[in-house]
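One structure is given here, and the rest of the page talks about it.
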Amino acid sequence: MVVLMGYASRHGSTRAIADRIAASLDEYGNLVEVHAIADAPDPGGYDAVVLGSGIYGGAWSPDAVRFVRRHVDALTRRPVWLFSVGLGPAAADQGFRLAGLMERQGTKILGGFSGILRPREHRVFAGVIQAGHLSRTQRLAFRVVRGRYGDFRDGKELDAWADDIARELASD
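The sequence shown maps to residues 1 to 172 in UniProt numbering.
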């Protein structure tokens, strides 16, 4: 299968996740083309699509939302998987009271596409959080909740999800 992997990433964490998932799908014999979502081609020429975006202000990046809306016809005619990268999973791992954020972020993102797109699955992954990624106010809030900076991506979780996608593609 030929798969379009589109990503929207400000600091590189979402891109790295997209690259890892694409590499795993390649290992199963799929041909995966990875593109920044702002420059991604029309998904109509692909057998399947995986789209990911960092979560900014509780929502996908404007480029990612525009891509989905612009290509909704093509996206509804092929299997689509979505992933989001944000603080939610890292907050849960750190025991923040914000742990419920992960669930709300996923619901809000899919809610923005409700009635438009029916992905096979949507996952929210933890990314990388560094002081330079946050505004001064966000850094202060992060310090108040005793947040830790670092790379919270879980390679095993990413690989397992890519394996699930690959199995579904093989069975289609």
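Even for Gly, the Cβ is constructed at its ideal location relative to N, Cα and C.
Just so it is clear, the structure is predicted and the values come from calculations on it, not from any experiment.
Practice item. Give every residue of the same chain whose Cβ lies closer than 8 Å to the Cβ of TYR56, excluding the five residues on either side of it in the sequence, and list them in chain order. Key: Hits under 8 Å: ARG10.
Exercise for review: Assign VAL32 to buried or exposed, taking buried as 16 or more other Cβ atoms, counted over all protein chains shown, within 10 Å of its Cβ.
Suggested key: It counts as buried.
**Study point:** Opposing strand residues paired with ASP151 [DSSP bridges]
**Key:** Answer is VAL128.
Check your understanding: On the premise that VAL3 lies in contact with ALA48, defined as a C-beta separation below 8 Å, what is that separation, rounded to the nearest angstrom?
Key -> VAL3 and ALA48 do touch by the CB rule: their CB atoms are close to 5 Å apart, below 8 Å.
Exercise for review: Identify the continuous alpha helix (DSSP H) that holds SER24 and give its terminal residues.
Suggested key: DSSP places SER24 in the uninterrupted alpha helix (DSSP H) bounded by 13-27.
Check your understanding: Should SER24 and ALA166 be called a contact, given that it needs their Cβ atoms to be closer than 9 Å?
Key -> If you check the CB distance, SER24 and ALA166 come in under 9 Å.
Check your understanding: From which residue to which residue does the beta strand (DSSP E) around LEU82 run?
Key -> LEU82 -> beta strand (DSSP E) spans 80-86.
Practice item. Kindly give me the distance between the Cβ atoms of PHE83 and ILE17, rounded to whole angstroms, as I take these residues to be in contact under 8 Å. Key: Indeed, because the Cβ distance is near 7 Å, the residues count as touching under 8 Å.
Check your understanding: CA-CA distance, GLY127 and ARG77?
Key -> Distance from the CA of GLY127 to the CA of ARG77, rounded to the nearest whole angstrom, comes to 30 Å.
**Study point:** Same chain, Cβ closer than 6 Å to PRO79, five either side skipped, listed in chain order
**Key:** Sequence-distant Cβ neighbours of PRO79 in its own chain, meaning closer than 6 Å and more than five residues away, are ALA48 and ARG120.
Practice item. Taking only the alpha-carbon atoms, compute the straight-line gap between ARG15 and VAL72 and give it to the nearest angstrom. Key: Roughly 22 Å separates the two Cα atoms.
Check your understanding: Where does ARG123 fall in DSSP's three states?
Key -> Three-state DSSP puts ARG123 in a strand.
Check your understanding: Can you tell me where the beta strand (DSSP E) with residue 179 in it begins and where it stops?
Key -> Residue 179 is absent from the model: the chain starts at 1 and stops at 172.
Practice item. Figure out for me which residue from ILE21, GLY86 and MET1 has the closest Cα to the Cα of TYR149. Key: It is GLY86.
Review point. Can you name the residues that DSSP bridges to LEU4?
Key: The partner list for LEU4 (beta bridge, DSSP) reads GLU33 and VAL49.
Check your understanding: To which residues does DSSP link ALA160 through a beta bridge?
Key -> Beta-bridge pairing links ALA160 to no other residue.
Check your understanding: Can you tell me the Cα-Cα spacing of GLY54 and SER61, whole angstroms?
Key -> Distance between the alpha carbons of GLY54 and SER61 is about 7 Å.
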